[in-house]
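Participant: Take any residue in the sequence shown, count from 1 to its spot, add 220: that is its number in the numbering used here.
C-beta: ideal position from N, C-alpha, C; glycine also.
Please see the structure below; I have some questions.
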Amino acid sequence: MMEVESVLPEDDDEDWMRATPASQEVEEDEGAKKRQKKVLTLDDLLKAERKETVRQLKGKKSKKQLAKLNAKSHLYSSSDEESEKDARKKAMIMTLERQVPVAEEVEPEYGAPVFAARLEFPSLTRGGAPSLQRALQASKEAGRETTLEELARSGFLRAWAFGANRCDESTLRWAYHQMAYAIDDSLERSACKFLCDLVSRIDMDTRAPFQMDWLPTLVDVKQTLVVYGYKEGSKDGKILDFSSGNIERRPPKNLRSVLEFIATCFNTRDMQPYYSVVDVEALLVIMLHLTLERGLLEILDKVQDCILALIRYFSPEDWGEVCLHAAASISGLTKRPHNGIFILGVLSGLGNRSMDLQKRLALHELAKLVPQKKSISTAREVAASFEKINLKAKEIDFVKIYYQLVIADIFLWCNEGLSDEIARLKWLKFLGSCSRKISIGDDRAFATKLRNTACFFIVKYEHDGHDREDSPANFVEEDFE
C-alpha cells in the first residue's frame, strides 16, 4: 500500500488536538472579566476575619461570647467612605490631643452685666415753640395738615432753627426724646441729625454764636441709660454665661443715636458753659463701663468715639486730676483681670492722653494681682515685681502670672522705649526665664500660654524696643488748644 502524505504541516500535527474549543474560550474570558470586576474591599477583609474568628471560637467559647461577637457585626458592614471619614476624625483628634496640653485652660471671655431689663419708655407732651405750633395750626386750618415729625424728616425744622439762629427748649426736648425713645427708625435718625447739626453750629468765637436754650444734662443722659436698663456701678463679680439667651439683654437700637450725639457734643470745647468738668469725668467713666457689655459689640466703635471725644475735651490743667480719678473709678468696676485687660485694649491707639489713662489703669490692675506695702508707679518697680517669682515652684499660679505679665507689658509699652535700662534688663531677664524654665510639654494650666506669650514679648522688646512704629506713643496728639 502506498503511504499517504499528511496534508497538515508538521508543526500542526498535534496542535489541533490541544486547541481549545471556541465556546470554552468565551466562558473563560467572561470568568476572567468577572474576577477582574470583583475587587476585595476593606469590608470584605473584615467580614472574612470575623467569620474566621467565629469559627475558631466554636467549641472553645460560650454561646454568650459568640452572641456578643455577632451583635457587633454591624461594625464590619460600614462603607469605605464612612470608614475613611472615621479614620480621619480619629487621626485629627489624636493630633489635637498631642498638641494641646490636658490641663490648658481657655481664657474667659470679657464681659459684665452692664444692662438688665429695660424700663417703660417715658411719654412726652407735644413739643415745638409757640410760633412753630401756631404755624402748624395755620397749616392745618388751610387744609395742608402736617406734623412736627414730618418737619423733622424733611429738614424744615433744621432750616427754621438756623434761620432764627436759635432753638427753643421745647423743640430741643422734643427732638431729644424722639432720638432716645422713638420706635420709628427714620424719626429717630432725623432727630439725631437735627441735634448734631445744631450742636456743630455752636461756636463761641463768632460774634453771634448759635444759641441753644436747652441741652441734656448728665442727669438726663443717665436717666436715658437707666430706662435702657443700665446698671450704674455694676461689677463683674462672676464669670457670665454668654449664651444666645443672655445676650438678649442688650439696650434698644436708639443707643447708637445717643452715642453719636454725645460724641458730637464733646468734639469741641465750646460746650464748656453747658457741662462741668465733674460731669464730663463721670460720663467718661460710664462710657468705659459700657465697653464691658457684650451686647454692644456691634456699636463698640461708637462708644470709642465718645471716649475719644471726652478725653480730648478736658483742658491740660484739668486732665491730670481727671485721669487719676477716672482710672481709679473704672478699676473699681473690674474685679476680674481679663475685663481690665479688655478696657486697656479699648483705650489703645486713641492718642497720648489715652496712654496716660492706660498707664494709670494698668497700675491699678497690677495692684490687685500683686499686693504690696508700697505702691508701684515706675517701670523699674513694675519689672522688679517679677523678681521673686519662682517658676519651678510646685504651688505656682500660672494664671495669675500670665495676667500680671500682659498688664505689665501694656504699662511698659506705654512708657517711651523703656528708657530705664535697668528696668529693661530686669524685664527681659524674667521673660527669658519663662521661655527656659517652662517646658513645652508642661500640662499645668496656662503654663504653655505664659511661655508662648513671654517668647513673643522677648522678640517684641529686643527688636522693637527703641523703634516702635506700632507704639501708641507715636500717635500725634490731637487735643484742642
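How should E585 be labelled, buried or exposed, when 16 other C-beta atoms within 10 angstroms of its C-beta is the threshold for buried?
Facilitator: The residue in question, E585, is buried, as its Cβ has 16 or more Cβ neighbours within 10 Å.
Participant: Where do the N-terminal and C-terminal ends of the alpha helix (DSSP H) with P536 fall, by residue?
Facilitator: From DSSP, the alpha helix (DSSP H) with P536 extends over 536-551.
Participant: Am I right that F341 and C416 are in contact with their C-beta atoms under 8 Å? What's the rounded C-beta distance?
Facilitator: F341 to C416, Cβ: 22 Å. No contact.
Participant: Would you tell me roughly how many angstroms separate the C-alpha atoms of L217 and T511, rounded to the nearest one?
Facilitator: Only positions 221 to 701 of the chain appear in the structure, and residue 217 is not among them; the question remains open.
Participant: For N559, which residues of its own chain have a beta-carbon under 8 Å away from its beta-carbon, when the five flanking residues on both sides are left out?
Facilitator: Cβ neighbours of N559 beyond the five flanking positions: Y330, G331, A332, D456, L512.
Participant: Between which residues of its own chain and M507 is the CB-CB distance below 7 Å, once the five residues before and five after are set aside?
Facilitator: Around M507: V523, C526, I527, L530.
Participant: State buried or exposed for I658, treating a residue as buried only when at least 16 other CB atoms are found within 10 Å of its CB.
Facilitator: So I658 ends up on the buried side.
Participant: Taking just the CA atoms, how far does R393 sit from I627?
Facilitator: Their backbone Cα atoms lie some 44 Å apart in a straight line.
Participant: Tell me the DSSP secondary structure of Q398 in three-state form.
Facilitator: Helix at Q398.
Participant: For R421, which of helix, strand or coil comes out of DSSP?
Facilitator: Three-state DSSP puts R421 in coil, outside helix and strand.
Participant: What are the complete alpha helix (DSSP H) segments, minimum 4 residues, inside the stretch 499-523?
Facilitator: As far as the stretch 499-523 is concerned, it has no whole alpha helix (DSSP H) run of at least 4 residues.
Participant: Which partner residues of Q450 appear in the DSSP bridge assignment?
Facilitator: According to the sequence provided, residue 450 is Tyr. The question's Gln does not apply to it. F335.
Participant: Quick check on the DSSP output: the alpha helix (DSSP H) that includes F650 runs from which residue to which?
Facilitator: 641-657 is the extent of the alpha helix (DSSP H) around F650.
Participant: Bridge partners for C634 per DSSP, in chain order?
Facilitator: Bridge partners of C634: none, in fact.
Participant: Identify whether R556 lies in helix, strand or coil by the three-state DSSP scheme.
Facilitator: R556: coil per DSSP, three-state reduction.
Participant: Can you grab the Cα-Cα spacing for the pair S464 / F606, in whole Å?
Facilitator: Per-residue confidence for S464 stands at a pLDDT of 45, beneath the threshold of 50, marking its modelled position as unreliable; the derived number appears in the next sentence. Each residue's alpha carbon lies about 40 Å from the other.
Participant: With 16 other CB atoms within 10 Å as the buried threshold, where does R644 fall?
Facilitator: By the 10 Å Cβ count, R644 comes out buried.
Participant: Would you give the residue range spanned by the alpha helix (DSSP H) that T437 belongs to?
Facilitator: Per DSSP, T437 belongs to no alpha helix (DSSP H) and is neither H nor E.
Participant: What number of angstroms, rounded off, separates the C-alpha of K649 from the C-alpha of S454?
Facilitator: Approximately 39 Å, taken between the alpha carbons.
Participant: Roughly how many angstroms separate the alpha carbons of L265 and G661, rounded to a whole number?
Facilitator: So the two alpha carbons sit approximately 40 Å from each other.
Participant: Are three or more beta carbon pairs between the stretch 496-505 and the stretch 532-549 nearer than 8 Å?
Facilitator: Verdict: yes, contact present.
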